[in-house]
Every structure is written in structure tokens, then in C-alpha cells.
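Position one of the sequence shown corresponds to residue 4 (my numbering), numbered consecutively onward. Step one of this worksheet: look at the structure below.
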Amino acid sequence: MSGWKTGRAEISALVERGHLERVSGDAANGAYLLQQARQRLAGARAALAADHIGAFELAYDATRQALTALLVQQGLRPTTAGGHIAVADAAEAQFGASFRAFNRMRRIRNQLEYPRSTTDLDLPAADTDHALADAEQIIDAADKLLPELGMWP
């Protein structure tokens with residue numbers, strides 16, 4: 004699978020806008036990010052009983068790292084200008100709705116990080132449970148996709 008048939012126009016637009024940039028050499032090996040994603044997920048599970056909001060944030064980071072690993076493996080990475088939304092947009096453009104959970108998690112994480120009121124800090128434990136399950140599913144999918152991906156042309 005080259006990764007460039009599906010989502011090619013969207014990825015090109017992200018590169019042209021400066022939301023994604025090219026990387027090469029050791030920087031284009033997503034395996035280390037995927038390993039970090041697994042470590043973050045393990046940390047999220049360990050934190051769950053003591054701090055379900057912290058566990059959510061770790062699950063979010065794990066998911067972001069797994070999706071970034073897919074980009075890096077293709078010789079791309081998000082820029083400061085593109086940020087986390089570029090990761091979400093690229094993943095959904097290339098790999099479809101199965102990775103849409105990350106964008107939902109991103110919105111919740113932003114609400115927790117940048118609250119407009121104290122109610123923005125209320126996170127049902129069920130949301131953390133869903134985030135952990137989504138993170139595991141996305142990491143497993145990224146693990147299968149990673150060796151199949153080619154470099155950005």
C-alpha cells in the first residue's frame with residue numbers, strides 16, 4: 004500500500020500550507036514513535052485508578068504519537084503551524100473514518116487544557132474508557148500499516 008492514492012490531495016494541501024513538512028533519514032522511521040505510543044498507553048492504564056483525566060491525556064498522546072508515526076514513516080511530520088489537527092486531518096484523509104476517534108479525543112483534550120469554565124474540566128470516566136479503547140485500536144492499526152507505507156513522492 005503506498006498510502007498516496009487515498010488522501011493524496013489532502014496531504015498535498017497540508018504540505019503546501021506548511022502544516023506538514025518533509026523528513027528523511029532516521030527522522031523518517033516511525034517505529035520509535037509507535038513504541039512511545041505503546042508506552043504512553045501503558046502509562047494511561049496505570050494512571051486510570053488514580054487520575055482518569057490524566058489517563059485520558061496520556062491515551063490522547065499515545066494516539067497522536069501512533070498517527071504521527073504513520074506520517075513520519077512516509078517522510079512527513081506535522082509542523083508547529085499544523086499541530087495536532089494536521090495529524091488528525093492527515094490520518095482521516097489517508098486511512099478513513101476508523102481514525103476519526105483521534106479528532107474527537109483532540110477536541111476533548113483541548114477543552115481540558117484550555118477550559119472556558121470549570122465545567123469544561125468535568126470528564127466522565129466513560130470518556131476515558133473510550134479513549135483507552137480507541138488508542139489501543141489505533142495503535143494496533145498503525146502497527147499493521149507502518150511497514151506497508153511508502154515515502155511521500
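Here a beta-carbon is modelled for each residue, glycine too, at the ideal position from N, C-alpha and C. Everything numeric in this text was worked out from a predicted model, so none of it was measured.
Excluding the 5 residues flanking it on each side, Gly99 has same chain C-beta neighbours closer than 8 angstroms at Thr9, in chain order. When the five nearest sequence neighbours on each side are left out, the beta carbons in the same chain lying within less than 7 angstroms of the beta carbon of Arg103 are those of Glu95, in order along the chain.
Counting C-beta atoms within 10 angstroms of its own C-beta, Asp29 has fewer than 16 neighbours from the protein chains shown and is therefore classed as exposed. Look at the beta carbons and you see the stretch 79-90 touching the stretch 9-25: at least three pairs across the two are nearer than 8 angstroms. Contact between Ala72 and Ala40 holds: their C-beta atoms lie close to 7 angstroms from each other, under 8 angstroms.
Between Ile141 and Leu79, the C-beta spacing is not below 8 angstroms.
In terms of Cβ geometry, Leu135 and Ala62 form a close pair [threshold 8 angstroms]. Gln77 places its beta carbon 8 angstroms or farther from that of Gly21.
Here Asp137 has Ala104 as same chain residues with Cβ atoms under 6 angstroms from its own Cβ, once five neighbours each way along the sequence are excluded.
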